[in-house]
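Peer 1: Numbering (UniProt numbering), first residue to last: 1 to 458.
Here a beta-carbon is modelled for each residue, glycine too, at the ideal position from N, C-alpha and C.
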Amino acid sequence: MAAMTMSNLSITKPKISHNVAVIGAGAAGLTAARELRLEGHNVVVFERLSKIGGTWAYNPNTESDPLGIDPNRKIILSSLYDSLRTNLPRESMGYRAYPFVEAGLKDRDQRRYPGHKEVLDYLEDYAREFRVSEMVRFETEVVRVGMVEGRKWEVKWRALGKRIDVDEVFDAVVICNGHYTEPRLAYIPGIDEWPGKQMHSHNYRVPEPFRDQVVILIGSSASAADISRDIAGVAKEVHVASRSSAALGKLPGYENIWLHSMIGSAHQDGSVAFQDGNIVQADVIMHCTGYKYHFPFLETNGIVNVDDNRVGPLYQHVFPPALAPWLSFVGLPWKVIPFPLCEYQSKWIAGVLSGRILLPSKEKMMESVKAFYTKLGASGMPKHYAHNMGTYQFEYNDWLAGRCGCAGTEEWRKQMYAASSESKRIKPETYRDEWEDHEWISQAHEDFKQCGHLSESK
Ligand code: FAD
């Protein structure tokens, strides 16, 4: 209630327009650009690729270093594999302003959990509908963002292929550069002596190279679950090592997938020993162990740091108190539905920059960050879980909605997320093609219709 009052009051204030740089034209950057422009700001989006979509712009090529640790490797942004289908139902995954419904066109993927190309098509539809692309400078990489006199930001950018660096000054910078490109690796005792091939799932595309191989995957994420099954069709054996394998042994329904505890050690003779006592002779170890936040271009004189994969200090995962609101981050939380969460964060940033929405004082924001860190620490969470939202993402969205004076997360979206998470857990093989949450699908479509997003005939 208090938040609504604050927003309602502030709506009467005149809006101030700023020059804002957005870094990245993925799902986060697209909604940031749209919300900033809606609020009256002048926006330039810098995008390294030649198209929008970020992660969803599938790239069949992989990096020169399959582990992704060589700093001089040619970086490939997208981590998608060819067979990837979304792990969220499309109704829940889409932006609030532009529902992710079947396009009804012959060449489009109509499935509820579609393949990656359909997500890129949807993002392109979104960009077209809201004329976002006209704000984007494609094939333009930001190489440095630093503070200059008068509380401004200097953005050094490079038009790819031209090798000319240009400095441009902005009032504010919104960072939307994604966090699924810089691999995190598992530590394996003895790995330096082990003669097999190692790679990160970032560089996995298709199963064929693993034909007749013995492959060990490390991790329990959606990628490890998908890739192990993808590879099992051609590999001799697939072994999945994870901290969270509840049931060890052969995976029901598969002749050649085994679940293990973590790897204990790797050896010169090619063997790999698991902590559960099993030993296999393996050809490949694939790390499906997630990614690191990485902002190679950002210079804040130590004000913002990445410490054990926690980006901070950040008020509500968005604003560094000392630099607010002139620097902000969109899309850092994980274990969430990213598109609508980025949309709420973007609305908040846009409204704060225009002066329509007020932030607490820097001291109060810092107190809030410290209290958050203390709470996490007390519950035994390592720093790298700081942006893991899971169950409280909807509370977070609703908090942002309160600041912005807009509606919070729809009940159907919450229920659908819960139903799909449960379904994924109990039937990982079939959850993308069988579901029971028909009531929530109907409510979602009703909602889309009422908002004028869906015609009666669709
Ligand atoms: P990105 O999509 O990574 O976009 C960042 C953009 O910034 C890129 O275009 C990049 O080129 C650009 N950029 C970076 N640095 C610079 C620079 N210095 N200068 C200029 N441009 C720069 N989400 C779902 O909702 N459903 C799913 O089913 C799902 N499955 C996933 C499966 C995998 C394997 C992965 C890796 C992620 C998945 N996600 C899924 C999460 C997905 O990352 C988000 O949906 C979303 O794409 C994140 O968007 P983003 O804009 O934050 O980052």
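With distances taken Cα to Cα, identify the nearest neighbour of N177 among I218, D109, Y204, C342.
Peer 2: Measuring from the Cα of N177, the nearest candidate turns out to be C342.
Peer 1: Quick check on the burial criterion: 16 or more other C-beta atoms within 10 angstroms. Buried or exposed for S455?
Peer 2: With a pLDDT of 49 at S455, under the threshold of 50, the predicted position of this residue should be treated as unreliable, and no value is reported.
Peer 1: Determine the contact status of Q268 and I337, defining contact as a CB-CB distance below 9 Å.
Peer 2: Cβ atoms of Q268 and I337: not closer than 9 Å.
Peer 1: Report yes if the CB atom of P60 is closer than 9 Å to the CB atom of D82, and no otherwise.
Peer 2: The answer is yes: Cβ separation under 9 Å.
Peer 1: Please determine, among A32, A418, L314, the residue with the shortest C-alpha to C-alpha distance to V45.
Peer 2: Out of A32, A418, L314, A32 has the C-alpha closest to the C-alpha of V45.
Peer 1: Quick check on the burial criterion: 16 or more other C-beta atoms within 10 angstroms. Buried or exposed for T289?
Peer 2: Buried is the call here.
Peer 1: Over what stretch of residues does the alpha helix (DSSP H) that includes R229 continue unbroken?
Peer 2: Start and end: 222–232.
Peer 1: Going straight from the alpha carbon of I263 to that of N203, what length do you get?
Peer 2: Looking at the two C-alpha atoms, the distance is approximately 21 Å.
Peer 1: What residue range is occupied by the uninterrupted alpha helix (DSSP H) comprising N305?
Peer 2: Looking at the DSSP string, N305 is not in any alpha helix (DSSP H); the run it does join, the beta strand (DSSP E), is 305–307.
Peer 1: Spatial neighbours of H41 within its chain, please: C-beta separation below 6 Å, excluding the five flanking residues on both sides.
Peer 2: The answer, listed in chain order, is S17, H18, V20.
Peer 1: Can you find a heavy atom of ligand 1 that lies under 8 Å from the Cβ of N59?
Peer 2: No; taking the cut-off as 8 Å, the Cβ of N59 has no heavy atom of ligand 1 nearer than that.
Peer 1: Mind checking whether the beta-carbon of C406 lies closer than 8 Å to any heavy atom of ligand 1?
Peer 2: No.
Peer 1: Count the other CB atoms, across all protein chains shown, that sit within 10 Å of the CB of Y187; report buried if there are 16 or more and exposed otherwise.
Peer 2: Counting Cβ neighbours within 10 Å, Y187 comes out exposed, since fewer than 16 surround it.
Peer 1: Can you tell me the Cα-Cα spacing of M389 and A103, whole angstroms?
Peer 2: Approximately 31 Å, taken between the alpha carbons.
Peer 1: Between which two residues does the alpha helix (DSSP H) containing F319 stretch?
Peer 2: It is not in any alpha helix (DSSP H) - F319 carries neither H nor E in the DSSP assignment.
Peer 1: Exposed or buried, what is P382 when buried is set at 16 or more other beta-carbons lying within 10 Å of its beta-carbon?
Peer 2: The residue is exposed, with fewer than 16 neighbouring Cβ atoms inside 10 Å.
Peer 1: Am I right that K236 and V272 are in contact with their C-beta atoms under 8 Å? What's the rounded C-beta distance?
Peer 2: No, K236 and V272 are not in contact; Cβ-Cβ is about 15 Å, not under 8 Å.
Peer 1: Cα separation between L9 and C406?
Peer 2: Any reading at L9 must be qualified, since the residue scores a pLDDT of 41, below 50, and its modelled position is unreliable; the value itself is stated next. Spanning the two alpha carbons is a distance of roughly 14 Å.
Peer 1: At a threshold of 8 Å, does F130 count as lining ligand 1 (C-beta to nearest heavy atom)?
Peer 2: Checking every heavy atom of ligand 1 against the Cβ of F130, none is found closer than 8 Å.
Peer 1: Looking at K370 and A324, is the spacing between their C-beta atoms short of 9 Å?
Peer 2: Cβ distance not < 9 Å, so A324 and K370 don't count as in contact.
Peer 1: Would you call the CB atoms of F422 and H294 closer than 9 Å?
Peer 2: Before going on, a small fix: residue 422 reads as Glu here, not Phe. Not in contact: E422 and H294 (Cβ atoms no closer than 9 Å).
Peer 1: Spell out the partners DSSP gives D167 in its beta bridges.
Peer 2: Looking at the DSSP assignment, D167 forms a beta bridge with K156.
Peer 1: Which term fits T374, buried or exposed, when burial requires 16 or more other beta carbons within 10 angstroms of its beta carbon?
Peer 2: T374 comes out exposed.
Peer 1: Report all residues from its chain with a CB closer than 8 Å to the CB of L185; omit the five preceding and five following residues, and keep chain order.
Peer 2: For L185, where only same-chain residues beyond five positions count, the Cβ hits under 8 Å are L67, I69, H200, H287, T289.
Peer 1: Exposed or buried, what is N301 when buried is set at 16 or more other beta-carbons lying within 10 Å of its beta-carbon?
Peer 2: Under this definition N301 is an exposed residue.
Peer 1: Between the beta-carbon of M416 and the beta-carbon of S92, is there less than 9 Å?
Peer 2: Closer than 9 Å, so yes.
Peer 1: Which ranges does the beta strand (DSSP E) cover as unbroken runs of at least 3 residues, wholly within the segment 255–284, from first to last along the chain?
Peer 2: Segments of the beta strand (DSSP E) lying fully in the segment 255–284: 257–260, 263–266, 271–274, 279–281.
Peer 1: Counting C-beta neighbours from all protein chains within 10 Å, is the total for V238 16 or more, i.e. buried, or is it exposed?
Peer 2: So V238 counts as buried.
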